[in-house]
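The structure appears right after this line, and notes come after that.
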Amino acid sequence: MAGPARQAGTGQANIGRAVGLVALGGLAFGFLLFVAGYVWFALSLARNEPRLTVRAEGIVVFTGGSDRVQEAAELLARGQANRMLITGVNRATRSSVLARLLPVSHRLFDCCVDLGYQAQDTIGNARETREWAQTRNISHSLIVVTSNYHMPRALAELSAALPEVTLHPFPVVSDHVNVAGWASDVGVIRLVGGEYLKYLGALARITLRQNETGPDMTALRGEPASP
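Add 806 to the 1-based position in the sequence shown for the numbering used here, that's all there is to it.
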């Protein structure tokens, strides 16, 4: 009588081992997929700043580095857009201070530079940009200025917030973050890895919201700039 019971126990054990192996294989595959995605993300980041020749309705620059605002102001000064929004400005920063620091005339700053003090993160940046665009009747094209490693997430959030607006990315390359040598710099590995995780989180949240509400959003798009 012990034979059938022993066989049943052996069969259950075999099934358990098989399920465990399948689960382990799934975890290993998921890990490899995650690593491959991270490598792709790191390699896709801009190594050089583009020669942007397009003329757009507006420019939005995400705060987080002085290089970003300087580059955006130069685009405005060259006449590549009519207005500029600096989103996520520190509440303690006065407009008169920025006016002295930026490479634009006081007249151009006073007429065409808007400061957004409400945004605390990239989601807030996109929301603030949408409200500004609606107020300023910007509905077709926008130049987006932020760091190269932050650009994918910025484009994802802005594309969801402004699905009808064509986005022209201007990724700023900082001397302090060498994404070209990311694999040999622990600090850059961590920075890019953290940004990759945030980017995946943004895509997941946007996709979930799209499935729940069904907005008219065709793609998380950003028109590439000329090399």
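Cβ coordinates follow ideal geometry from the N, Cα and C atoms, glycine included.
Looking at C-beta atoms only, is the number of pairs between the region 902-920 and the region 944-951 that lie closer than 8 Å three or more?
no
DSSP-derived helix/strand/coil call for Phe-909
Strictly speaking, residue 909 in this sequence is Pro, with Phe absent from that position. Note: Pro-909 maps to coil in three-state DSSP.
In three-state terms, what does DSSP make of Thr-941?
helix
Let's see if you can read the secondary structure: which residues bound the alpha helix (DSSP H) around Thr-1019?
992-1019
The beta strand (DSSP E) spanning Val-875 covers which residue range?
Segment 872-883 is the alpha helix (DSSP H) holding Val-875; no beta strand (DSSP E) there.
Counting along the chain, where does the alpha helix (DSSP H) carrying Ser-965 start and finish?
957-967
Give the straight-line distance between the Cα atoms of Gly-864 and Leu-830, rounded to the nearest whole angstrom.
50 Å
Cβ pair Glu-877, Val-951 closer than 8 Å
yes
Using 8 Å as the cut-off, can you tell me whether the region 927-946 makes contact with the region 961-970, which would need three or more C-beta pairs spanning the two stretches below that distance?
yes
Would you call the region 842-857 and the region 995-1004 touching, i.e. three or more CB-CB distances under 8 Å?
yes
If we count Cβ pairs, one from each stretch, closer than 8 Å, do we get three or more for the region 925-934 versus the region 855-862?
no
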